[in-house]
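J.:
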Amino acid sequence: MTSPLEENSVVPGRAVQSAAAAETPAWPAAAALNESLRDASPAEVISAALRTVGRDRLALVSSFGTESAALLKVMADVDPAIPVIFLDTGWLFEETLAYRDTLIAALGLKDVRSIPPSEDALKREDPDRELWFTDPDSCCRIRKVEPLARALQPFAAWINGRKRFQGGLRADLPMVEDDGARLKFNPFANASREDIEAIYASAKLPPHPLVASGFRSVGCMPCTSRGQAGEDARAGRWRGRAKTECGIHTMKIS
Ligand code: SF4
C-alpha cells in the first residue's frame, strides 16, 4: 500500500518557520503524519521522517542510556549518517561517555554531536555545581533544554526513543507530534519492553555498562540511582522528588 507520505501528497500542513522557508516545501501536519504512521514499524517511521523533511533537516536525540542502542541500531540500518545529538551535561557517568564511543564504533554512526551546556550559563547560574540539588528544573534547563534548542536549530524534525510503556507522561505518546516549529517522531511509541530486548538480542548490542550494577535507567550522576525490585525502570531518576522528566520532552523546544 502506498502511504500519503510516499506519494508526497499535500496534506494540510505548514512551512518551515525559518529564513529558508521560501525554498522549503510544506510538509504534512503532525496529526496527519501520526495518522498515516500509527501502525508503522520503527524503521518505517524513521524512513518516513527522512522523506518528509529531507536528508539535511533530520536529527536523532539520544542519551546513550540503557535502552538507547535499540533506536540507534534501527536508525543506523536506515541511515547511519543521520546526525545524533547527545547532551553532555557535565554530570554524566564516565560509563555513559564510554558507551557513546562503543556504540559509535559498533553501529558505524557517522555524525554524533556531543553538545555541552553554555559556559556563560554555567558561570552565571551554577558556579558551585549545586543547582541539581537546589533547583533541578533550572539545572536541566541550562544543561539540557537550552543546549538542545541550540543544537536543533538547523533541523526541521527530530527523532527520540520514548515509549508508551514507560508510563507517566509518556503513556499517551503519539507516533508523531508537533514540537513548535519542528516535527517530533517517536518511532518506539508502540514498542513493548520485549520489542526493545529483541532488538538488543538479535543485533547482539552491548548493554550500557551500568546495567550490570543494577541501574535500569541512566541519566546524570546526581539524579540517578539504582532501581529496586518491582519498581518502574525510571523510578531511579530524581528519586525522592516529584520531578520525572528533564524538560526536553515536556516543553516545545522551538
Ligand atoms: S538530570 Fe540532574 S544533574 Fe542532570 S541536568 Fe537535570 S538536574 Fe542537572
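Note that our numbering has the sequence shown beginning at 81, numbered continuously upward.
All C-beta atoms, glycine included, are put in the ideal place defined by N, C-alpha and C.
In this text, all values refer to a predicted model and were calculated from it rather than measured experimentally.
Relative to the C-alpha of aspartate 159, which candidate in Ala120, Ser148, Ile126, Val141 has its C-alpha closest?
T.: If you number the sequence shown from 1, residue 159 lands on position 79. Per the Cα distances, Ile126.
J.: Count the other C-beta atoms from every protein chain shown that fall within 10 angstroms of the C-beta of glutamate 103, then say buried if there are 16 or more, exposed otherwise.
T.: Walking along the sequence shown from the start, residue 103 turns up at place 23. Because the pLDDT of glutamate 103 is 48, which lies under 50, any placement of that residue in the model is unreliable, and the number read from its coordinates should be weighed accordingly. By the 10 Å Cβ count, glutamate 103 comes out exposed.
J.: Below 9 Å between beta carbons: does that hold for cysteine 219 and aspartate 200?
T.: As a working note, residue 219 is residue 139 in the sequence shown. As a working note, residue 200 is residue 120 in the sequence shown. It is not a contact, given that the beta carbons lie outside the stated cut-off.
J.: Going by the beta-carbon positions, is the gap between histidine 288 and phenylalanine 144 smaller than 9 Å?
T.: As a first step, residue 288 is located in the sequence shown; it is residue number 208 there, counting from the start. As a first step, residue 144 is located in the sequence shown; it is residue number 64 there, counting from the start. The answer is yes: Cβ separation under 9 Å.
J.: Should glycine 145 be listed as close to ligand 1, given that the test is whether its C-beta is under 8 Å from any heavy atom?
T.: For the purposes of this step, residue 145 is taken as residue 65 along the sequence shown, with counting starting at 1. Result no, Cβ not under 8 Å from ligand 1.
J.: Looking at C-alpha atoms only, which residue of Gln308, Thr304, Gly310 is the closest neighbour of threonine 324?
T.: Locating residue 324 in the sequence shown gives position 244, counting from the first residue. The option with the nearest alpha carbon to threonine 324 is Thr304.
J.: Residues in the same chain with beta-carbon distance under 6 Å from glycine 248, minus the five sequence neighbours each way, listed in chain order, please.
T.: In the sequence shown, the residue the question calls residue 248 occupies position 168. So the list reads Thr324, once near-sequence residues are dropped.
J.: Which one of Lys224, Ser272, Ala229, Pro227 has the shortest CA to CA distance from glycine 241?
T.: Within the sequence shown, numbered from 1, the residue matching residue 241 stands at position 161. Checked all of Lys224, Ser272, Ala229, Pro227; the closest Cα to glycine 241 is Ser272.
J.: Would you please state the rounded distance, in angstroms, between the beta carbons of serine 297 and threonine 146? I believe it to be under 8 Å.
T.: Here residue 297 corresponds to residue number 217 of the sequence shown, with the count starting at 1. Here residue 146 corresponds to residue number 66 of the sequence shown, with the count starting at 1. The Cβ separation is near 6 Å, so the contact holds.
J.: At which residue ranges does the region 172 to 233 contain complete beta strand (DSSP E) runs of 3 or more residues, listed in the order of the chain?
T.: Correct list: 192 to 195.
J.: Please say whether isoleucine 195 and leucine 211 have beta carbons closer to each other than 9 Å?
T.: Looking up residue 211 in the sequence shown gives position 131. Looking up residue 195 in the sequence shown gives position 115. Not in contact: leucine 211 and isoleucine 195 (Cβ atoms no closer than 9 Å).
J.: Among all the DSSP beta bridges, which residues are the ones paired with leucine 263?
T.: The count along the sequence shown starts at 1 and reaches residue 263 at position 183. Its beta-bridge partners are Ala237, Asp258.
J.: Does the pairing of the region 162 to 179 with the region 274 to 282 give three or more beta-carbon distances under 8 Å?
T.: These segments do not touch.
J.: Check whether the Cβ of glycine 248 lies closer than 8 Å to any heavy atom of ligand 1, and answer yes or no.
T.: Here residue 248 corresponds to residue number 168 of the sequence shown, with the count starting at 1. No, Cβ of glycine 248 sits at least 8 Å from all heavy atoms of ligand 1.
J.: Should methionine 155 be counted as a contact of ligand 1 given a C-beta to heavy atom distance under 8 Å?
T.: Looking up residue 155 in the sequence shown gives position 75. Not so, every heavy atom of ligand 1 lies at least 8 Å from the Cβ.
J.: Taking DSSP as the reference, what is the three-state secondary structure of proline 122?
T.: Sequence index remark: in the sequence shown, residue 122 carries index 42 (1-based). DSSP places proline 122 in helix when its eight states are reduced to three.
J.: Can you tell which of Ala106, Gln246, Val256 has its C-alpha closest to the C-alpha of glutamate 311?
T.: Taking the sequence shown and counting its residues from 1, the one referred to as residue 311 is at position 231. Among Ala106, Gln246, Val256, the Cα nearest to that of glutamate 311 is on Gln246.
J.: According to DSSP, is leucine 113 part of a helix, a strand, or is it coil?
T.: The residue given as residue 113 occupies position 33 in the sequence shown. DSSP places leucine 113 in helix when its eight states are reduced to three.
J.: What does the alpha-carbon distance come out to for the pair aspartate 208 and proline 227?
T.: By one-based count along the sequence shown, residue 208 stands at place 128. By one-based count along the sequence shown, residue 227 stands at place 147. Between aspartate 208 and proline 227, the C-alpha separation is close to 20 Å.
J.: Quick check: is any heavy atom of ligand 1 less than 8 Å from the C-beta of threonine 330?
T.: On the sequence shown, position 250 is the one that residue 330 refers to. False, no ligand heavy atom lies under 8 Å from that Cβ.
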